[in-house]
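Worksheet: one structure, shown below.
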Amino acid sequence: MKLSGRKIYKGTVEGEAIVTKDGISFYGGVDPDTGKVVEVGHELEGQSITGKVLVFPTGKGSTVGSYTMYRMKKNNTAPVAIVNEQIDTIIAVGCIISEIPCVDKIDISNIKTGQKLVVNGAEGFVEVK
Amino acid sequence: MKLTIEEQDMLIGKYGKAAKKSMEILTTLGEIFDAENMVAITGVQIAGVSYANLGEAGLEYLSEMAEDGKVRVLTTLNPAGMDRENWEVLGIDKEFAKNQNRAIDAFATMGIITTCSCTPYLIGNTPHFGQHLAWAESSAVCYANSVIGARTNREGGPSALAAAITGKTPRYGYHLEENRHGEVLIEVKAQIKGTDQFGVLGKIIGDKLGELGKKIPYITGISSATVEELKSFCASVATYGGTALFHMETITPEYDKYPRPDKISFGITQDDLNKTRSELIDEDLEIDFVSIGCPHASIHEIAKIANLLKGKRVKKEFWITTARPTKRIADEAGYSKIIENAGAKFAADTCCVVAPIKGRFKGIMVDSAKACYYGRAKNKFKVKIGSIEKCIEEATK
Numbered sequence: 001m002k003l004s005g006r007k008i009y010k011g012t013v014e015g016e017a018i019v020t021k022d023g024i025s026f027y028g029g030v031d032p033d034t035g036k037v038v039e040v041g042h043e044l045e046g047q048s049i050t051g052k053v054l055v056f057p058t059g060k061g062s063t064v065g066s067y068t069m070y071r072m073k074k075n076n077t078a079p080v081a082i083v084n085e086q087i088d089t090i091i092a093v094g095c096i097i098s099e100i101p102c103v104d105k106i107d108i109s110n111i112k113t114g115q116k117l118v119v120n121g122a123e124g125f126v127e128v129k
Numbered sequence: 001m002k003l004t005i006e007e008q009d010m011l012i013g014k015y016g017k018a019a020k021k022s023m024e025i026l027t028t029l030g031e032i033f034d035a036e037n038m039v040a041i042t043g044v045q046i047a048g049v050s051y052a053n054l055g056e057a058g059l060e061y062l063s064e065m066a067e068d069g070k071v072r073v074l075t076t077l078n079p080a081g082m083d084r085e086n087w088e089v090l091g092i093d094k095e096f097a098k099n100q101n102r103a104i105d106a107f108a109t110m111g112i113i114t115t116c117s118c119t120p121y122l123i124g125n126t127p128h129f130g131q132h133l134a135w136a137e138s139s140a141v142c143y144a145n146s147v148i149g150a151r152t153n154r155e156g157g158p159s160a161l162a163a164a165i166t167g168k169t170p171r172y173g174y175h176l177e178e179n180r181h182g183e184v185l186i187e188v189k190a191q192i193k194g195t196d197q198f199g200v201l202g203k204i205i206g207d208k209l210g211e212l213g214k215k216i217p218y219i220t221g222i223s224s225a226t227v228e229e230l231k232s233f234c235a236s237v238a239t240y241g242g243t244a245l246f247h248m249e250t251i252t253p254e255y256d257k258y259p260r261p262d263k264i265s266f267g268i269t270q271d272d273l274n275k276t277r278s279e280l281i282d283e284d285l286e287i288d289f290v291s292i293g294c295p296h297a298s299i300h301e302i303a304k305i306a307n308l309l310k311g312k313r314v315k316k317e318f319w320i321t322t323a324r325p326t327k328r329i330a331d332e333a334g335y336s337k338i339i340e341n342a343g344a345k346f347a348a349d350t351c352c353v354v355a356p357i358k359g360r361f362k363g364i365m366v367d368s369a370k371a372c373y374y375g376r377a378k379n380k381f382k383v384k385i386g387s388i389e390k391c392i393e394e395a396t397k
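Residue numbers (the numbering used here), protein chains in the order written: chain A, 1 to 129; chain B, 1 to 397.
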């Protein structure tokens, strides 16, 4: 199944999806050293997003979150790609400075945790394998 | 997005790595927000300066940008995590100081003026009406848009830096006339006076806008306001409501440029002010710290503090947070000596929001509603708001 969206940051990667209906704040909500979601009460609390294709509706919280994403990339704890319903400034800037492929305008209800995805950031689509 | 030849050349790397990365950020944001093109800017204010917020990763990013990045327009910095000269006296540890200076040096390498203040408009980064800017620092954004009538979106650290390096920002949001109209008519039915009371007013309006899901208030019923009162109001309404622009009848320059919203959304009475003020005073409060200067104190405020402290001794930790250029004026005018003789301390280049002082004090008294928010949320202090006079009474009693 091919889902067409909008390109945010280039790069094509394949990876396993981790999906949440909650917004994500990288600053304070994710531990950049372990790659785990630490926000209390978050659907993904305690789960690692490292090496996954992270699928969530939109970003939230402090603009410092962009730097947190960069730190995760340098620590090798970052997701391999990001898929959003509606991108926000923090996640967009985070993907660009960290060079994480990213696509938005995707109906994420079509994607389930554990599915294999190909994210094509240059052309702006996601393929569910 | 339509790009000029020069902008396209930046995007493919003809102007170096930092300009390429910067143009990537700006064109992506432009596409997301449907900007038609870029607009040339005249000034930038950068946030994300305190090492406590940047961390090693942020510093690494800045260092990479500083390898070949140079700013093209007047660019100043937000407060850092410490006073650059007086950090030891204020109890900042050596390791933090070293890292903070590395961050500031990276900014300086790019040609940024390292003033480290949230009030750039008081110290030389002073736009005029109608100019396009790319400012971060929510209180300064609100001041530039509303009080000066310049035009800026609320930028984050990396997007403001990208704008500084390219001299451009995507034309969307508050850069466009059609997005600057007042949306909510608010009638103030009480006398508002003093930085503390303007801060309380900012919290009422900010909280309410959040509930209504609206952005731009049009405020009537304020008869006069000083620069200091407006700076306090901007900080508060931006903190509690995310507000980047307001119009205040007969006071701000664009109030009669756009149609006034026709129906009053809500009024604010003396009772409302009293109630909200009481929300900014915690119970079981033991004050061991007093601070004035959120946003950074103006020379006028420092003169007032010196006058009130003359011949007295403070009995609690008392910080005046301000911009270093303002501190220099205070030194020359003799105010610093009076203030320091009374036992109070200057904390220039920094503030109580970004300095690493979490848990160091039990209770803080301030004249700023914004400082109350961050005192509670970030530093885990109990808080009390009061006028500058009351703050000094508390510090000296």
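Ideal placement from N, C-alpha and C gives every residue a C-beta, glycine not left out.
Report the three-state DSSP secondary structure of residue i (helix, strand or coil).
i        : result
B/Arg360 : coil
B/Thr269 : coil
B/Cys118 : coil
B/Ala136 : coil
A/Asp31  : strand
B/Arg376 : helix
B/His300 : helix
B/Gly291 : First, the amino acid is wrong: residue 291 of chain B is Ser here, not Gly. Residue state, collapsed to three classes: strand.
B/Cys408 : Outside the modelled stretch of chain B, which goes from 1 to 397, sits residue 408 of chain B, for which no answer is possible.
A/Glu123 : coil
B/Thr321 : strand
A/Asn84  : strand
A/Lys112 : coil
B/Ile281 : strand
B/Met365 : strand
A/Ile100 : coil
B/Val314 : coil
A/Val93  : helix
B/Phe96  : helix
B/Ala347 : strand
B/Thr4   : coil
Which word fits residue i, buried or exposed, when buried means at least 16 other C-beta atoms lie within 10 angstroms of its C-beta?
i        : result
A/Asp107 : exposed
A/Gly41  : exposed
B/Arg260 : exposed
B/Thr326 : buried
B/Phe129 : exposed
B/Gly91  : exposed
B/Thr250 : exposed
A/Ser4   : exposed
A/Ser109 : exposed
B/Asn145 : buried
B/Glu228 : buried
A/Met1   : exposed
B/Lys358 : exposed
B/Gln197 : buried
B/Ala323 : buried
B/Ala134 : buried
Which same chain residues end up closer than 6 Å to residue i when comparing Cβ atoms and leaving out the 5 residues on each side of it in sequence?
i        : result
B/Ala306 : Tyr335, Ile338 and Ile339
B/His398 : Nothing in the structure corresponds to residue 398 of chain B, since chain B is present only between 1 and 397.
A/Val64  : Tyr27
B/Leu308 : Ile392
B/Ile267 : In the sequence as displayed, the identity of residue 267 of chain B is Gly instead of Ile. Answer for B/Gly267: Glu187 and Lys189, listed in chain order.
A/Lys20  : In the sequence as presented, Lys is not what sits at residue 20 of chain A; that position holds Thr. Within the same chain, A/Thr20 has close Cβ partners Glu43, Leu44 and Phe56.
B/Val353 : Tyr374
B/Gly199 : Ser232, Ser236, Ser368 and Ala369
B/Phe289 : Glu317, Phe361 and Ile364
B/Tyr239 : Correcting the residue identity first, residue 239 of chain B is Thr in this sequence and not Tyr. Around B/Thr239: Lys370 and Tyr373.
A/Asn120 : Thr12
Spatial neighbours of residue i within its chain, please: C-beta separation below 8 Å, excluding the five flanking residues on both sides.
i        : result
B/Ile320 : Ser291, Ile292, Gly293, Ala297, Ile302, Ile305, Ile339, Ala344, Lys345, Phe346 and Ala347
B/Ile165 : Ala18, Ala19, Ser22, Met65, Gly69, Lys70, Val71, Arg72 and Met110
B/Glu36  : Met1, Lys2 and Arg171
Could you check whether the Cβ of residue i sits closer than 9 Å to any Cβ belonging to chain D?
i        : result
B/Ile104 : This model lacks chain D altogether; the protein chains it does include are A and B.
Residues of the segment 42-70 of chain B in Cβ contact with chain A at a cutoff of 8 Å, in chain order, please.
Taking 8 Å as the Cβ-Cβ cut-off against chain A, the residues of the segment 42-70 of chain B that qualify are Ala47, Gly48, Asn53, Leu54, Gly55, Glu56, Ala57, Gly58, Glu60 and Tyr61.
Can you give me, in chain order, the residues of the segment 6-26 of chain B that have a beta carbon less than 9 Å from any beta carbon in chain A?
Legend: CB atoms of the segment 6-26 of chain B lying less than 9 Å from CB atoms of chain A belong to residues Lys21, Glu24 and Ile25.
For the segment 135-167 of chain B, which residues have a CB atom closer than 7 Å to at least one CB atom of chain A, in sequence order?
When C-beta distances to chain A are compared with 7 Å, the residues of the segment 135-167 of chain B below that value are Gly156, Gly157, Pro158 and Ser159, in chain order.
Short of 9 Å Cβ to Cβ, which residues in the segment 44-75 of chain A face chain B?
Answer in chain order: Ser62, Thr63, Val64, Gly65, Ser66, Tyr67, Thr68, Met69, Tyr70, Arg71, Met72, Lys73, Lys74 and Asn75.
Would you mind listing the beta strand (DSSP E) stretches within the segment 181-262 of chain B that are 3+ residues and don't spill past its ends, in chain order?
Whole beta strand (DSSP E) segments, 3+ residues: 184-188 and 217-220.
Taking beta-carbon pairs under 8 Å, can you tell me which members of the segment 82-102 of chain A lie near chain B?
From the segment 82-102 of chain A, only Ile87, Thr89, Ile90, Ala92, Val93, Ile96 and Ile97 have a Cβ closer than 8 Å to chain B.
Counting only runs of 4+ residues fully inside the segment 32-71 of chain B, write out the alpha helix (DSSP H) ranges in chain order.
DSSP runs (the alpha helix (DSSP H)) wholly in the segment 32-71 of chain B: 51-68.
Secondary structure, alpha helix (DSSP H): runs of 4+ residues fully inside the segment 1-69 of chain A
Uninterrupted alpha helix (DSSP H) stretches at least 4 residues long and entirely within the segment 1-69 of chain A occur at 26-29, given in chain order.
Interfacial residues, the segment 21-35 of chain A to chain B, with Cβ spacing under 8 Å:
Contact residues of the segment 21-35 of chain A toward chain B are Pro32 (C-beta to C-beta distance below 8 Å).
Segments of 3+ residues assigned as beta strand (DSSP E) that fall wholly inside the segment 148-177 of chain B:
Listed in chain order, the complete beta strand (DSSP E) runs (minimum 3 residues) inside the segment 148-177 of chain B are 168-170.
Residues from the segment 211-242 of chain B in contact with chain A, defined by Cβ distance under 8 Å
Hits within the stretch: zero.
Beta carbons nearer than 8 Å to chain B: which residues of the segment 7-21 of chain A have them?
Residues of the segment 7-21 of chain A whose Cβ lies closer than 8 Å to any Cβ of chain B, in chain order: Ile8 and Tyr9.
Got a sec: which bits of the segment 106-135 of chain B sit with their beta carbon under 8 Å from any beta carbon on chain A, in order along the chain?
Contact annotation: in the segment 106-135 of chain B, no residue has its CB less than 8 Å from a CB in chain A.
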